[in-house]
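S.K.: Let me give you the structure first, and then I'll get to my questions.
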Amino acid sequence: MSKLIFLGTNGWYDSETGNTPSVLIDCERYYLILDAGNGISKLNNYIDSDKPVYLFLSHFHLDHISGLHTLVKNKFSKGLYIIVQGGGKEFLQKFINTPFTVPIEQLPFELEIIEVDKNVDGLPFKVSFLPLKHSIDVLGVRLEIDNKIITYCTDTGECQNAVTLAKDADILITECSMAPNIEKDANVHLNPQMAARIAKRSEAKNLYLMHFDASTYTNKKMRIEAELNAKETFTNTFAAFDGLEVEF
1 MSKLIFLGTN GWYDSETGNT PSVLIDCERY YLILDAGNGI SKLNNYIDSD
51 KPVYLFLSHF HLDHISGLHT LVKNKFSKGL YIIVQGGGKE FLQKFINTPF
101 TVPIEQLPFE LEIIEVDKNV DGLPFKVSFL PLKHSIDVLG VRLEIDNKII
151 TYCTDTGECQ NAVTLAKDAD ILITECSMAP NIEKDANVHL NPQMAARIAK
201 RSEAKNLYLM HFDASTYTNK KMRIEAELNA KETFTNTFAA FDGLEVEF
């Protein structure tokens with residue numbers, strides 16, 4: 001059985017409620033990580049077996065890549081494969097480098113950067129991508145792992161591509177930057193109702209909310225309120241917290 005581990009569930013910056021976004025998927029033959037916010041700094045507490053590691057970066061806003069600075073803590077004996085949108089390789093080669101952090105060639109493991117558009121072959125899991133609705137280019141991802149479908153959509157406003165990626169998903173993970181009933185940033189972010197509508201329209205089985213804006217969701221009680229708000233539209237909604245583990 002595979003397992004999801006939410007390493008970081010905040011959006012924008014770290015606070016007492018959690019670290020910035022990162023989700024670990026522990027599978028029998030490999031590890032898969034969704035985004036590299038500061039939550040990824042906890043990775044060494046969960047990776048303990050000799051299998052390859054795949055890291056998907058949805059986009060390059062700092063709260064989704066700041067944790068790349070901590071990769072040097074790890075010894076990926078089977079290598080690290082970073083999956084990015086087209087044009088992302090050149091950016092990462094500059095970002096994982098001096099003066100920002102330890103250069104790629106000095107990391108204690110082999111690292112390969114893979115650029116993608118809609119899909120990519122040669123991976124141990126089936127995957128597809130679609131662009132989402134945000135202030136910069138963002139990719140949402142649909143994964144087929146152990147006969148289950150996992151969809152990850154952040155950062156994004158409500159859009160058809162998110163629904164398409166989440167069609168019949170066993171687990172849909174979305175952002176929840178805005179508080180209930182707030183729509184001032186609806187072109188680039190979601191509130192609980194919007195996330196729930198995506199889950200309902202796509203006929204997903206379960207919705208996990210994360211990427212809670214740290215300046216809006218200042219305590220865990222507010223996350224529970226967001227969960228309850230989303231449940232009015234989509235019953236199987238769960239607010240994620242750092243350290244939450246979900247088997248599938």
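Read in order, the letters of the sequence shown are residues 1 to 248 in UniProt numbering.
Yeah, the Cβ is synthetic: ideal placement off N, Cα and C, and Gly gets one too.
(1) Just to check my reading of the structure: Ala-214 and Trp-12 have Cβ atoms closer than 8 Å, yes? What is that Cβ distance to the nearest angstrom?
(2) For Phe-100, tell me which candidate among Leu-62, Asp-137, Phe-76 and Ala-226 has the shortest Cα-Cα distance.
(3) Would you decide whether Asn-181 is buried or exposed? Buried here means 16 or more other CB atoms lie within 10 Å of its CB.
(4) Over what stretch of residues does the alpha helix (DSSP H) that includes Lys-200 continue unbroken?
(5) Could you name the residues of the same chain whose beta carbon sits closer than 6 Å to that of Lys-167, not counting the 5 residues immediately before and after it, in chain order?
(6) Would you call Asp-121 buried or exposed, if buried means 16 or more other Cβ atoms sit within 10 Å of its Cβ?
(7) Thinking just about the alpha-carbon of each residue, which of Gly-67, Tyr-81, Met-210 and Pro-124 is nearest to the one in Thr-237?
(8) Are the CB atoms of Thr-151 and Leu-130 nearer to each other than 8 Å?
(9) Please look up how many angstroms separate the CB atoms of Asn-161 and Gln-193, rounded, as I've assumed it's under 8 Å.
(10) Determine the direct distance from the alpha carbon of Ala-186 to that of Ile-33, and round the result to whole angstroms.
(11) I need the straight-line Cα distance from Val-246 to Glu-112, nearest angstrom please.
(12) Between Phe-234 and Ala-179, which are expected to be in contact by the criterion C-beta below 8 Å, what is the C-beta distance as a whole number of angstroms?
(13) Could you say which of Glu-158, Lys-94, Phe-109 and Gly-87 lies nearest to Leu-71 if we only look at CA atoms?
(14) Quick one: what's Tyr-152 bridged to in DSSP?
(15) Find the nearest neighbour of Lys-221 within the set Leu-207, Ala-204 and Ala-239, judged by alpha-carbon distance.
(16) Return the chain-ordered list of same chain residues with a C-beta closer than 6 Å to the C-beta of Leu-4, the five sequence neighbours on each side being excluded.
(17) Tell whether a beta-carbon distance below 8 Å holds between Ala-169 and Lys-205.
(18) Using the rule of at least 16 other Cβ atoms within 10 Å of the residue's Cβ for burial, across every protein chain shown, is Gly-18 buried or exposed?
(19) Is it right to say Gly-140 is buried, meaning 16 or more other beta carbons lie within 10 angstroms of its own, or is it exposed?
(20) Give me, in chain order, the residues of the same chain whose beta-carbon lies closer than 7 Å to that of Phe-91; leave out the 5 immediate sequence neighbours on both sides.
(21) Could you check which residue in Phe-95, Lys-184, His-64 and Glu-105 has the C-alpha nearest to that of Val-138?
(22) According to the neighbour-count rule (16 or more other Cβ atoms, all chains shown, within 10 Å of its Cβ), is Lys-94 buried or exposed?
M.R.: Taking the definition as stated:
(1) Counting from one through the sequence shown, the residue named residue 214 turns up at place 214. Counting from one through the sequence shown, the residue named residue 12 turns up at place 12. The Cβ separation is near 5 Å, so the contact holds.
(2) In the sequence shown, counting from the first residue as 1, residue 100 sits at position 100. Checked all of Leu-62, Asp-137, Phe-76 and Ala-226; the closest Cα to Phe-100 is Leu-62.
(3) Within the sequence shown, numbered from 1, the residue matching residue 181 stands at position 181. Classification of Asn-181: exposed, given that the 10 Å Cβ count is below 16.
(4) Locating residue 200 in the sequence shown gives position 200, counting from the first residue. Where Lys-200 is concerned, the enclosing alpha helix (DSSP H) stretches over 192-202.
(5) Sequence index remark: in the sequence shown, residue 167 carries index 167 (1-based). These residues qualify, in order along the chain: Ser-202.
(6) As a position in the sequence shown, residue 121 is number 121, starting the count at 1. Label assigned to Asp-121: exposed.
(7) As a position in the sequence shown, residue 237 is number 237, starting the count at 1. With distances taken between Cα atoms, Thr-237 lies closest to Met-210.
(8) Stepping through the sequence shown from its first residue, residue 151 is reached at position 151. Stepping through the sequence shown from its first residue, residue 130 is reached at position 130. Going by C-beta atoms, Thr-151 is not nearer than 8 Å to Leu-130.
(9) Locating residue 161 in the sequence shown gives position 161, where the first residue counts as 1. Locating residue 193 in the sequence shown gives position 193, where the first residue counts as 1. No, Asn-161 and Gln-193 are not in contact; Cβ-Cβ is about 19 Å, not under 8 Å.
(10) Along the sequence shown, one-based indexing puts residue 33 at 33. Along the sequence shown, one-based indexing puts residue 186 at 186. Distance from the CA atom of Ile-33 to the CA atom of Ala-186, rounded to whole angstroms, is 27 Å.
(11) By one-based count along the sequence shown, residue 246 stands at place 246. By one-based count along the sequence shown, residue 112 stands at place 112. So the alpha carbons of these two residues sit roughly 28 Å apart.
(12) As a working mapping, residue 234 is identified with position 234 in the sequence shown. As a working mapping, residue 179 is identified with position 179 in the sequence shown. In fact, because the Cβ distance is near 17 Å, the residues do not count as touching under 8 Å.
(13) Position 71 of the sequence shown, counted from the first residue, corresponds to residue 71. Nearest of Glu-158, Lys-94, Phe-109 and Gly-87 to Leu-71, Cα basis: Phe-109.
(14) Locating residue 152 in the sequence shown gives position 152, where the first residue counts as 1. Tyr-152 pairs with Val-141 and Ile-173.
(15) Stepping through the sequence shown from its first residue, residue 221 is reached at position 221. With distances taken between Cα atoms, Lys-221 lies closest to Ala-239.
(16) In the sequence shown, residue 4 corresponds to position 4, counting from 1. The residues are Ile-25 and Val-246.
(17) Numbered from its first residue, the sequence shown carries residue 169 at position 169. Numbered from its first residue, the sequence shown carries residue 205 at position 205. Yes, the Cβ-Cβ distance between Ala-169 and Lys-205 is below 8 Å.
(18) The count along the sequence shown starts at 1 and reaches residue 18 at position 18. Under this definition Gly-18 is a buried residue.
(19) The residue labelled residue 140 in the question sits at position 140 within the sequence shown. Buried is the call here.
(20) For the purposes of this step, residue 91 is identified with residue 91 of the sequence shown, where counting begins at 1. Once the five neighbours on either side are set aside, the close Cβ partners of Phe-91 are Phe-60.
(21) Taking the sequence shown and counting its residues from 1, one reaches residue 138 at position 138. Of the listed residues, the one whose Cα sits closest to Val-138 is His-64.
(22) In the sequence shown, residue 94 corresponds to position 94, counting from 1. Classification for Lys-94: exposed.
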